[in-house]
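A.B. asks:
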Amino acid sequence: MFVLTVDQRRSRRDIDRVPELLDRYRDHELIRPFERTAGDEVQAVCEDAATVVSIALELVSTPHWSVGIGIGSVELPLPETTRAGRGPAFEAARDAVTRAKNAPAALAVSGPDVAAAEDAETASTLVALLVIRRSDQGREAVELMARGLSQTDAAERLKISKQAMSQRLSVAGWHVENAGRTLATRLLDTANTTGSNRP
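Throughout the sequence shown, residue numbering follows this note's numbering, covering 36 to 234 in sequence.
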């Protein structure tokens with residue numbers, strides 16, 4: 036199981052961004068939805084690694100959030116509210132979000148299989164850094180592709196040539212990001228499987 040613990044960065048000098056986050060992820064496939072746990076921190080429970088990667092990368096693409104991903108078991112049955120949950124995955128998420136506050140991409144992964152969690156964190160961090168460092172033009176091009184547009188349609192929307200669109204996607208690392216997301220998802224799944232098999 037995965038627990039996401041997300042903490043707002045520089046919250047004392049910023050508006051409260053938690054309500055916006057809660058609203059944005061209300062309809063995502065989560066075992067327990069994001070819920071404010073304390074102050075400017077939220078937590079959710081998820082069993083799908085691809086969903087975890089997607090949410091984590093979206094959050095760290097802005098300068099507002101530190102994201103901790105905890106891997107492990109949870110006490111069952113899960114309570115109705117996320118903040119009442121207990122178990123190793125919750126403890127791992129607490130450790131991860133603390134480390135994320137000083138991590139290069141504001142993201143960290145913790146779990147019972149330390150090596151597997153480190154592998155998942157490394158892959159996730161590399162993809163996150165690619166996304167964070169993307170130019171506004173690159174971000175705009177990638178967002179259109181993510182909506183399902185063809186390169187030709189996206190180029191028309193941006194009023195640029197198909198060749199220019201291809202170059203923007205290349206510089207933005209779009210294909211590398213997709214491969215990186217797949218790798219990060221696979222490594223999170225591996226860490227979850229090996230961690231859950233530990234005594």
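No residue lacks a Cβ here, since even glycine has one placed at the ideal position from N, Cα and C.
Within 10 Å of its beta-carbon, does G103 have 16 or more other beta-carbons around it, so buried, or fewer, so exposed?
C.D. replies: buried
A.B. asks: Thinking just about the alpha-carbon of each residue, which of D62, D49, E70 is nearest to the one in T40?
C.D. replies: E70
A.B. asks: Just to confirm, is the Cβ distance from A84 to T229 under 8 Å?
C.D. replies: No, the pair does not count as a contact, with Cβ atoms beyond the cut-off.
A.B. asks: Among the candidates A141, P114, G146, whose CA atom is the shortest distance from the CA of A127?
C.D. replies: G146
A.B. asks: Determine, using beta carbons only, whether V95 and A163 come nearer to each other than 8 Å.
C.D. replies: yes
A.B. asks: Going by beta carbon distance, what residues of the same chain come within less than 6 Å of D34, once the five residues before and after it are set aside?
C.D. replies: In the structure displayed, the chain extends from 36 to 234; residue 34 sits before or after that span and is not available.
A.B. asks: At which residues does the beta strand (DSSP E) containing L56 begin and terminate?
C.D. replies: Run containing L56: none in the beta strand (DSSP E); it sits in the alpha helix (DSSP H), 53 to 59.
A.B. asks: Smallest Cα separation from H99: which of A176, V206, A140, S196?
C.D. replies: A140
A.B. asks: With a CB to CB cut of under 8 Å and the five nearest residues on each side skipped, what residues in its chain are close to S205?
C.D. replies: none
A.B. asks: Could you compute how far the alpha carbon of R44 sits from the alpha carbon of P68?
C.D. replies: 21 Å
A.B. asks: Candidates A143, T225, V80: which alpha carbon is nearest G120's?
C.D. replies: Out of A143, T225, V80, the CA that lies nearest to the CA of G120 is found in V80.
A.B. asks: Output the residue ranges of the beta strand (DSSP E) runs that lie fully inside the stretch 86 to 131 and measure 3 residues or longer, sorted by chain position.
C.D. replies: Entirely contained in the stretch 86 to 131, the beta strand (DSSP E) runs reaching 3 residues are, in chain order, 100 to 106.
A.B. asks: Quick check on T187: buried or exposed, where buried means 16 or more other Cβ atoms within 10 Å of its Cβ?
C.D. replies: exposed
A.B. asks: For V87 and R59, I'd like the C-alpha separation in whole angstroms.
C.D. replies: 14 Å
A.B. asks: In three-state terms, what does DSSP make of D42?
C.D. replies: strand
A.B. asks: I'd like to know if P68 contacts chain C, where contact means its C-beta is closer than 8 Å to some C-beta of that chain.
C.D. replies: Structure shown: chain C not included; a single protein chain is present.
A.B. asks: I need the boundaries of the alpha helix (DSSP H) containing S205, first residue and last residue.
C.D. replies: Residues 197 to 207.
A.B. asks: Can you name the residues that DSSP bridges to A226?
C.D. replies: Bridge partners of A226: none, in fact.
A.B. asks: Can you name, in chain order, every residue of its own chain whose Cβ lies under 7 Å from the Cβ of P114, other than the five neighbours on each side?
C.D. replies: G120
A.B. asks: Roughly how many whole angstroms lie between the Cα atoms of E191 and K197?
C.D. replies: 8 Å
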